[in-house]
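Trainee:
2 protein chains.
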Amino acid sequence: MKLKSMDISATASASSIVFDALRKAIIGGQLEEGEPLRQDEIARLFNTSRIPVREAISRLEEQGLVKTQRYKGAVVAGLSPQETEEIFDLRALVEPEIIRNAVPLMSKELLTKARDKCAAFSASSDPMEWGDLNRDFHETLYSASDLKFFLEIAHNAIDRVERQIRAQLVMSNGMERAGREHFGILEACEEGDAEQAAKLTRDHIQGAKKSLLAHLPLS
Amino acid sequence: MKLKSMDISATASASSIVFDALRKAIIGGQLEEGEPLRQDEIARLFNTSRIPVREAISRLEEQGLVKTQRYKGAVVAGLSPQETEEIFDLRALVEPEIIRNAVPLMSKELLTKARDKCAAFSASSDPMEWGDLNRDFHETLYSASDLKFFLEIAHNAIDRVERQIRAQLVMSNGMERAGREHFGILEACEEGDAEQAAKLTRDHIQGAKKSLLAHLPLS
DNA sequence: ATAAACCAAATTGGATCCAATATTCAATAT
DNA sequence: ATATTGAATATTGGATCCAATTTGGTTTAT
């Protein structure tokens, strides 16, 4: 018996497959804000019935990624400038705590991985992948933390503003500055300076918020 | 046309009725942690089919109030001492921000209402209602805030530890101290001292955490 | 007697069908 | 011509039915 074992109960249900796919499509911008999600259409796309689709949509609504009206259906949720600002403030409050908690728990390997991601981000010239590389770097650092609820909240908050983050990276000197700031955060982590890492993370998020709001309509 | 208008589309769907009822039963302690939620049984209780029940349960799972396993069903979620501590730390981070934001927005009427709730809490001698009165007081103050995402998170965090909060209130001098601290928070709000209100709120939550953890098994 | 194999009941996940509501567009009245 | 009514269509919410999986007890082989 030389089979690689695999938890069969971990196989995904139809509804979770649909949920993951819709979530990615929403935060990735393939579905744009306000766009209606037709249960029938989605069910056909995934070769299932509408039941798993409905469950997926109700979960997305609970996460704030879609808004539904009774008998009218669901549309991709959008954010007003005020709401965007609030989400960034929330991130600026929670993510520094995560980093502060994570720094003493970071292994050598994790720091190496983070350095690679940091480099990959700075080196990329394809705007299509900047958003993913950015998130990848941050979440690598965060993954050392054992604050699961803080992480839940940070992930959801980032989900809700992924599109804005991508927009912010492509504008003016967004990439250049983000790369620089990432490097600063990474260095603080490598030196084990949790306070400094937390402070730089807060500044990084507040800076992104500021440059984003400056370019938003009549904020 | 002198009809009082009413938004008919705001009538509750079956799934949201079930969701609300289950949520209240869970945080109110009527369903205890680990207790399985049988779709069939719940559907019979509400005279519906299992479809709305399943949607309600999937939403509860997204909120962290139940845990489900494929083909095994859902059980009421519980918290380890470490998880409980983390939730209180989260509350201690978020709720002071809410108060700080709310204080300048509090109307004379709201403060009057809050004073009444504060008095009602301190006056109550029925342990069964202490949890509700406590939450009622805090949320009255919070309701002046316009930070909807912060509020979402605070509400959910409180949901998850309602049972522990109730336990904390009935033990030793929990009620007495809470009443005193509530009054301090209220006073700071009335004086328009947002900083002080935030600080007292943080202390209130951290104090509750400490006295709770001291009584928890092998924390 | 004990442990593996297995069958029946219970339970959940998903599909199909029906009901309730919304939307669109043609018909009609003013 | 425009606004209103009303029917046809589209879409969602919920009910019922079937399939997949788990669970608990029973049988059977050693």
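Protein sequence lines, in the order shown, are assigned to chains U and A. Reminder that position 74 of the first sequence reads as 73 in numbering that gives the first Met the number 0, one-by-one numbering, no gaps. Reminder that position 85 of the second sequence reads as 84 in numbering that gives the first Met the number 0, one-by-one numbering, no gaps. For each residue, glycine too, the CB sits at the ideal point set by N, CA and C. Bear in mind that the values here come from a model prediction, so they are computed numbers and not experimental data.
In terms of alpha-carbon separation, which member of 19/U, 124/U, 70/U lies closest to residue 10/A?
Mentor: Within the second sequence, the letter at position 11 stands for residue 10/A. The candidate whose alpha carbon is nearest that of residue 10/A is 70/U.
Trainee: DSSP three-state label for residue 47/U, please.
Mentor: Stepping through the first sequence from its first residue, residue 47/U is reached at position 48. Correct three-state label for residue 47/U: coil.
Trainee: Taking 8 angstroms as the threshold (C-beta atoms), are residue 53/U and residue 54/A in contact?
Mentor: In the second sequence, the residue the question calls residue 54/A occupies position 55. In the first sequence, the residue the question calls residue 53/U occupies position 54. Yes; because the gap between Cβ atoms is below 8 angstroms, this pair is in contact.
Trainee: Which class does residue 36/U belong to by DSSP, given the choice of helix, strand or coil?
Mentor: Within the first sequence, the letter at position 37 stands for residue 36/U. Residue 36/U: strand per DSSP, three-state reduction.
Trainee: Ignore the nearest five residues each way along the sequence and tell me which others in residue 199/U's own chain have a CB closer than 7 angstroms to its CB.
Mentor: By 1-based counting over the first sequence, the position of residue 199/U is 200. Result list for residue 199/U: 180, 183, 184, 187, in chain order.
Trainee: Should residue 236/A and residue 32/A be called a contact, given that it needs their Cβ atoms to be closer than 8 angstroms?
Mentor: The structure shown has nothing for residue 236/A, since chain A only spans 0 to 218.
Trainee: Of all the CB atoms in chain A, is at least one closer than 8 angstroms to the CB of residue 12/U?
Mentor: Residue 12/U sits at position 13 when you count from the first residue of the first sequence. Yes, its Cβ sits closer than 8 angstroms to a Cβ of chain A.
Trainee: Which residue from 204/A, 202/A, 13/A puts its Cα closest to that of residue 44/A?
Mentor: Here residue 44/A is taken as the residue at index 45 of the second sequence, counted from 1. Among 204/A, 202/A, 13/A, the Cα nearest to that of residue 44/A is on 13/A.
Trainee: Take residue 153/A as the anchor and find which of 129/A, 190/A, 90/A, 40/A has the nearest alpha-carbon.
Mentor: If you number the second sequence from 1, residue 153/A lands on position 154. It is 90/A whose Cα lies nearest to the Cα of residue 153/A.
Trainee: How do the stretch 164-177 of chain U and the stretch 92-109 of chain U stand: do at least 3 beta-carbon pairs fall below 8 angstroms, yes or no?
Mentor: With contact defined as three or more Cβ pairs closer than 8 angstroms, the stretch 164-177 of chain U and the stretch 92-109 of chain U are not in contact.
Trainee: For residue 160/U, tell me which candidate among 191/U, 116/U, 62/U, 114/U has the shortest Cα-Cα distance.
Mentor: Along the first sequence, one-based indexing puts residue 160/U at 161. The residue with the shortest Cα to Cα distance from residue 160/U is 62/U.
Trainee: Could you work out which residues of chain U lie near residue 152/A, taking near to mean beta carbons separated by less than 8 angstroms?
Mentor: The sequence position of residue 152/A within the second sequence is 153, counting from 1. Those are 89, 152, listed as they occur along chain U.
Trainee: Go through its chain and collect everything with a Cβ distance to residue 279/U's Cβ below 8 angstroms, but skip five positions before and after it.
Mentor: In the structure as shown, chain U starts at 0 and stops at 218, and residue 279/U therefore has no counterpart that could be examined.
Trainee: Specify, as a first and last residue, the run of the alpha helix (DSSP H) that residue 107/A falls within.
Mentor: Within the second sequence, numbered from 1, the residue matching residue 107/A stands at position 108. Per DSSP, residue 107/A belongs to the alpha helix (DSSP H) from 107-122.
Trainee: Go through its chain and collect everything with a Cβ distance to residue 18/U's Cβ below 8 angstroms, but skip five positions before and after it.
Mentor: Position 19 of the first sequence holds residue 18/U. So the list reads 54, 55, 58, 59, once near-sequence residues are dropped.
Trainee: Taking the straight line between their C-alpha atoms, what separation do you get for residue 215/A and residue 208/A?
Mentor: Working through the second sequence from its first residue, we reach residue 215/A at position 216. Working through the second sequence from its first residue, we reach residue 208/A at position 209. Spanning the two alpha carbons is a distance of roughly 10 angstroms.
Trainee: Any idea what DSSP makes of residue 72/A, helix, strand or coil?
Mentor: Looking up residue 72/A in the second sequence gives position 73. Strand.
Trainee: Counting contacts by CB-CB distance shorter than 8 angstroms, is residue 149/A in contact with chain U?
Mentor: As a position in the second sequence, residue 149/A is number 150, starting the count at 1. Yes, its Cβ sits closer than 8 angstroms to a Cβ of chain U.
Trainee: For residue 147/U, count neighbouring C-beta atoms within 10 Å of its own C-beta (all shown protein chains included) and say buried if the count is 16 or more, exposed if not.
Mentor: Sequence index remark: in the first sequence, residue 147/U carries index 148 (1-based). Exposed is the call here.
Trainee: Contact check, residue 158/A vs residue 26/A under 8 angstroms by CB: the rounded distance?
Mentor: The count along the second sequence starts at 1 and reaches residue 158/A at position 159. The count along the second sequence starts at 1 and reaches residue 26/A at position 27. Going by Cβ atoms, the distance from residue 158/A to residue 26/A rounds to 5 angstroms, so yes, they are a contact pair.
Trainee: Taking the alpha helix (DSSP H) that residue 142/A belongs to, which residues open and close that run?
Mentor: Taking the first residue of the second sequence as position 1, residue 142/A is located at position 143. Premise fails: residue 142/A is in no alpha helix (DSSP H) and is neither H nor E.
Trainee: Leaving out five residues on either side along the sequence, give the residues of the same chain with a beta carbon under 8 angstroms from the beta carbon of residue 103/A.
Mentor: Numbered from 1 along the second sequence, position 104 holds the residue referred to as residue 103/A. Cβ neighbours of residue 103/A beyond the five flanking positions: 191, 193.
Trainee: Using a beta-carbon distance below 8 angstroms, is residue 215/U in contact with chain A?
Mentor: What you label residue 215/U is simply residue 216 of the first sequence in a count that begins at 1. No, residue 215/U lies away from the interface with chain A (no Cβ there is under 8 angstroms from its Cβ).
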